[in-house]
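Per our numbering, residue 13 is the first one in the sequence shown, and the count goes up by one each step. All residues carry an ideal CB built from backbone N, CA and C; glycine is no exception. Note that this is a predicted model, so its numbers are computed, not measured.
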Amino acid sequence: MRKNTFIFLMVFALAFIWAETPKAFFSGLQKTDNNDSTSLKEDNAPLDTIAKTTPEKIDTTATAEGPDTTKMDSLQLAIYHHNKAIDDSLAFDSINRKRKNGIDSPVEYTAEDSLTYEAASGLAFLYGNSNVKYQDMDLKSDQIYMNLDSSLVHATGSRDSTGAIFGTPVFEMGSDKYESDTMAFNFKTKKGLITGVYTQQEDGFLTSEISKRNDKGEMFLMHGKYTTCDNPHPDFYIAMSRAKVRPGKDAVFGPAYLVVADVPLPLAIPYGFFPFTKSYSSGLIMPTYGDETERGFYLRDGGYYFAISDKMDLKLLGEIYTKGSWGLSAASNYTKRYKYSGSFFASYQNTINGEKNMPDYMKQTSFKIQWSHRQDQKANPFRTIQASVNFATSSYEKNNLTSMYNPQSYAQTTRTSSVSMTNTFSSIGMTLSSTMNLNQNMRDSTISMTLPDLNISVSRFYPFKRKKAAGKERWYEKISMSYTGQLSNSITTKEDKLLHSSLTRDWRNGMKHSIPISGNFTLFGYLNINPSINFSDRMYTTKVTKSWDETRQVERSDTTDGFYNIYDWNMSVSASTKLYGFFIPSKKIFGDKIQAIRHVFTPQVSFNYAPDFSASRYGYYETYQKTDKDGNVSLVEYSPYTGGLFGVPGKGKTGSISMDISNNLEMKIKSDDDSTGFKKISLIDELGASMSYNMATDIRPWSDLSTRLRLKLTKSYTLNLNATFATYAYELDEEGKPRLSEHTTLYSQGKFGRFQGISQNLSYTLDNTKVMNFIKWLKGEKVEKKNDKNNKNGLDDDDEDDEFNRETNEDDTMQKGQRGARKENAGKAETDDDGYMKFSMPWSLSFGYGISMRENTGGDFNYDKMRYPYSFTQTLNVSGNVRLSDGWNISFSSGYDFENHKISMTTASLGRDLHCFNMSCSVVLAPYTSYNFSFRCNAATLTDALKYDKRSSYSNAIQWY
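This is the structure we're talking about:
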């Protein structure tokens with residue numbers, strides 16, 4: 013028994029000795045690692061691994077890399093690796109735990125009032141204009157509570173002594189911004205719970221009672237509101253029971269209804285969505301509805317928008333009527349930076365009026381094509397492509413509802429289209445251009461088309477100029493010449509016959525060459541001599557031979573194909589000079605303000621000569637014998653090339669002497685406004701007269717006297733007057749009927765030339781600013797001058813010009829008058845010297861008056877005065893604009909036709925800016941009556957959804973008087 017007990021104790025002691033050394037070793041290791049579990053890996057500090065009690069003499073001294081395992085036996089080495097693996101796993105778990113529950117990036121937080129931190133709970137309390145930043149998140153609020161351990165942040169506002177809340181949370185994350193009453197947010201998961209949220213998405217504003225935000229940035233709203241009104245208390249909104257918002261993309265909502273001025277309206281929808289994307293996106297276009305008596309109820313302007321790319325788009329629209337009419341249209345815009353830009357529009361309409369199998373039944377098809385193309389100047393300096401196409405059938409505007417409410421488009425009688433390409437070869441000074449021109453007369457559907465129109469021109473060059481000049485310039489080196497060639501193919505027909513015309517029979521074509529040769533010489537240092545000779549050549553492919561059919565008593569024409577060349581030439585020489593006269597007025601009489609008056613007198617005399625190209629040697633004119641039904645025989649002279657595209661040389665020899673005089677009168681005065689101290693004033697910009705005498709004819713060799721007068725009344729207005737005075741008097745023939753004398757002049761009778769007539773257009777725009785400045789001027793007060801470069805009213809002429817210079821019937825002066833009352837500094841109240849608000853009601857009134865006076869040869873001849881009476885043609889246009897307040901605007905335009913004694917096109921419009929909505933009403937009073945009322949939302953997002961349009965039609969136009 014004692015022996016067994018002794019053996020048991022020895023084995024136990026031996027086992028205890030074997031286990032004592034590793035235990036002491038790891039005990040020392042743990043003592044070193046108490047402060048930081050990662051210090052073993054990070055610091056690599058030497059560890060004291062010597063046990064306190066070592067029954068056996070084992071050298072366990074640690075090295076810098078750990079204990080020396082070479083001195084351990086197999087049992088010690090196994091125990092060491094086992095314990096090391098357990099300790100390493102525990103160390104890594106603690107590290108992972110800290111990284112998972114902690115914050116990856118630094119958190120910056122500030123507070124103006126105070127900041128407290130509870131170490132036990134890990135809570136930080138920020139008071140007074142607090143701010144917390146973490147990565148791309150920024151939170152501002154008056155009070156913020158933050159738990160650093162759980163990454164939770166709670167923000168709320170504060171109440172002042174009156175109970176008002178201030179400093180509510182404002183949260184920004186990237187490009188998203190949210191305003192709310194309270195907010196709880198987890199920085200780590202990026203999820204949050206928000207009450208009373210307010211955020212802006214593109215043109216709209218979203219609010220909700222309770223909102224949740226997930227880690228993707230999506231918002232889930234309950235009892236939300238969507239509006240485009242930027243007021244804190246919106247004028248209108250769409251009340252949504254629930255919604256999901258993807259910032260920058262869209263918002264999808266469930267049952268919703270419209271609320272206007274806090275009044276719910278019975279306009280509800282089960283679901284819907286709002287797009288927020290800034291980029292182009294495709295989508296449906298909501299149609300408008302209405303009714304018309306002739307065509308029935310309709311849905312129009314509805315379709316689909318294709319966002320093809322950021323350089324091109326396409327919009328397809330359609331319209332349909334219950335009585336069978338329909339229409340389609342396509343519109344596209346395209347652009348390529350630094351290359352070109354343009355737009356295209358095409359529309360087709362199938363209009364049915366009346367009932368089928370009834371007398372008033374009518375079916376019409378019409379279409380319209382518009383194309384505008386402009387090349388950037390940087391694209392190619394030597395090649396230019398331009399296009400401005402505006403083509404429509406004559407019935408299109410009558411069947412289009414939109415044209416009815418656009419008086420300028422409805423009353424337009426002509427349309428002009430052109431497509432051109434120009435190539436410039438600067439090295440040789442040559443320009444090659446090709447053009448297509450189309451002119452339409454909407455009244456009688458006449459079309460004039462030129463396709464193609466090729467032009468080639470060589471700029472002026474001096475063929476005799478020396479390449480290496482030495483000494484003075486010789487007289488023959490001043491001789492210059494140029495070249496112009498044109499190839500055209502044109503037709504004039506009706507629009508329904510254009511596609512059925514024959515190229516050889518109906519189209520006119522030809523080629524023309526022009527070579528002018530000229531020189532510029534100076535004689536005696538004062539006299540300018542300019543001789544010139546012009547050569548023109550025409551090439552035609554057909555000629556028309558005429559004869560008389562005695563049986564049917566009609567003229568017969570035969571067209572012969574071939575190549576026919578006709579030419580003509582003329583020469584001229586002119587002499588001109590300038591004479592200056594100065595007059596210095598007496599200072600005793602006129603004072604010292606007028607310095608001098610200068611008179612410039614410019615006389616010019618020219619001689620022109622052209623031979624008689626009707627001579628038989630040229631072959632340009634032929635004759636045929638005509639025998640009428642009474643047996644009278646006569647010779648009829650004609651030209652086989654009269655119908656040619658470029659005409660035919662004229663008959664008769666020309667040898668005329670032309671005389672022209674021009675006068676200019678200016679005055680130089682002292683002025684404080686000019687930096688030089690002097691200013692020039694134009695008294696008479698030009699006063700001139702011209703007349704000619706043809707030495708090659710004995711019948712009425714003297715021409716009529718033409719006079720002109722130009723006065724610069726203001727910087728922006730110049731008065732031009734032109735008048736013609738007849739030279740020859742009227743006389744009576746054998747039957748006592750008046751005729752123009754062939755030899756007797758009015759000057760030979762001691763009379764001045766007979767006044768032939770004059771035409772003049774006058775226009776002026778009057779506004780409240782001009783009237784106030786005039787009143788100040790009468791009172792002797794200083795009138796402030798506006799800088800023309802900074803036009804406050806924004807009436808810049810260049811801004812209102814059509815980009816492609818398309819022809820319209822709009823009066824630019826009338827249009828500027830309608831825009832002339834734009835309020836300056838809108839929204840800012842101005843006060844007078846006494847502190848009262850200034851009365852301001854901007855208005856403008858524009859007048860346009862045109863008068864034409866002509867000799868009426870179709871009227872009754874006055875035998876006492878031996879002349880015909882005058883006929884007058886007058887036009888009067890009036891337009892105006894008045895802005896009653898910042899939101900109210902009234903404009904009108906009208907006129908009077910003195911010939912028909914009727915009021916011309918008369919329109920009136922009323923506009924009201926309702927902040928979020930816009931209301932407009934326009935009426936046409938003459939020559940037809942119509943009205944158009946529109947009420948729609950200003951925001952582009954809702955303009956197609958929230959709108960109301962009411963229009964009249966041709967059949968139900970109301971009678972105003």
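Other residues of its chain near residue i: CB distance less than 6 Å, five sequence neighbours each side excluded
| i | result |
| --- | --- |
| Thr504 | Ser460 |
| Lys152 | Asn143, Val182 |
| Arg254 | Met234, Gly266 |
| Ala735 | Thr719, Ile770 |
Inter-residue spacing [alpha-carbon to alpha-carbon] between residue i and residue j
| i | j | result |
| --- | --- | --- |
| Ala391 | Tyr350 | 6 Å |
| Leu896 | Cys928 | 19 Å |
| Ser446 | Asp508 | 26 Å |
| Ser494 | Pro661 | 21 Å |
| Asn577 | Tyr592 | 50 Å |
| Leu958 | Val119 | 46 Å |
| Ile601 | Ile681 | 15 Å |
| Thr941 | Asn451 | 29 Å |
| Gly655 | Lys480 | 50 Å |
| Phe437 | Leu444 | 8 Å |
| His11 | Cys933 | Residue 11 falls outside the range modelled here, since the chain spans only 13 to 973, and no answer is possible. |
| Arg486 | Thr709 | 38 Å |
| Met231 | Glu191 | 13 Å |
| Ile281 | Asp227 | 30 Å |
| Phe945 | Gly260 | 35 Å |
| Leu270 | Ala319 | 30 Å |
| Lys638 | Leu647 | 6 Å |
| Tyr875 | Tyr759 | 19 Å |
| Thr61 | Ser162 | Bear in mind that a pLDDT of 35 at Thr61, under 50, signals an unreliable position, so the model cannot answer this. |
| Glu367 | Val272 | 43 Å |
| Cys949 | Phe248 | 10 Å |
| Glu331 | Phe379 | 14 Å |
| Asn402 | Glu306 | 28 Å |
| Leu135 | Val165 | 10 Å |
| Ser513 | Ala627 | 36 Å |
| Asp262 | Leu218 | 12 Å |
Among the options, nearest to residue i - alpha-carbon criterion
| i | options | result |
| --- | --- | --- |
| Ser670 | Tyr705, Lys692, Gly659, Thr688 | Tyr705 |
| Ser694 | Thr305, Ile609, Gly769, Ala701 | Ile609 |
| Thr300 | Trp714, Gly314, Lys237, Arg963 | Gly314 |
| Asp961 | Met931, Ala938, Gly336 | Met931 |
| Gly531 | Glu562, Ala587, Lys480 | Ala587 |
| Leu311 | Ile222, Thr887, Thr174, Gly336 | Gly336 |
| Met707 | Gly667, Pro528, Phe851, Thr572 | Gly667 |
| Gly769 | Phe904, Phe737, Leu744, Trp789 | Phe737 |
| Tyr653 | Thr425, Gly522, Val165, Asn467 | Gly522 |
| Arg963 | Leu233, Gly302, Ile863 | Gly302 |
| Met454 | Lys749, Leu463, Ser471, Lys410 | Lys410 |
| Thr919 | Thr305, Ile529, Gly892 | Gly892 |
| Ser715 | His755, Leu744, Asn734 | His755 |
| Leu138 | Thr377, Tyr121, Tyr776, Thr589 | Tyr121 |
| Arg550 | Arg472, Asn868, Gly497, Gly204 | Gly497 |
Sequence-distant residues of the same chain with beta carbon closer than 8 Å to residue i, five excluded per side
| i | result |
| --- | --- |
| Tyr650 | Lys558, Tyr633, Glu634, Thr635, Tyr636 |
| Thr953 | Glu214, Asp215, Gly216, Thr240, Phe286, Pro287 |
| Val585 | Ile541, Asn542, Pro543, Ser544, Ser618, Phe619 |
| Lys189 | Val182, Phe183, Thr211, Gln212 |
Sequence-distant residues of the same chain with beta carbon closer than 7 Å to residue i, five excluded per side
| i | result |
| --- | --- |
| Glu743 | Arg751, Ser753, Thr756 |
message: Would the region 358 to 372 count as touching the region 337 to 346 if we require 3 or more Cβ pairs under 8 Å?
response: yes
query: What are the start and end residues of each continuous beta strand (DSSP E) run of 3 or more residues lying completely inside the region 251 to 302, in chain order?
result: 262 to 265, 268 to 272, 275 to 281, 284 to 287, 295 to 297
message: Can you confirm whether the region 697 to 714 touches the region 728 to 741 when touching is taken to mean that 3 or more C-beta pairs between the two stretches lie within less than 8 Å?
response: The region 728 to 741 is in contact with the region 697 to 714.
Complete alpha helix (DSSP H) runs within the region 441 to 467 (minimum length 4 residues, chain order): The region 441 to 467 contains no whole alpha helix (DSSP H) run of 4 or more residues.
task: May I ask you to verify whether the region 429 to 436 touches the region 393 to 401, counting CB pairs closer than 8 Å and requiring at least 3?
output: yes
- request: Scan the region 601 to 627 and note each continuous beta strand (DSSP E) run of 3 residues or more that stays entirely inside, going in chain order.
  value: Counting only runs of 3 or more, we get 606 to 622.
query: With contact counted as at least three CB pairs below 8 Å, one residue from each stretch, are the region 851 to 864 and the region 761 to 780 in contact?
result: With contact defined as three or more Cβ pairs closer than 8 Å, the region 851 to 864 and the region 761 to 780 are in contact.
- prompt: What are the complete beta strand (DSSP E) segments, minimum 3 residues, inside the region 166 to 246?
  reply: 182 to 185, 188 to 191, 194 to 198, 203 to 213, 216 to 225, 231 to 239
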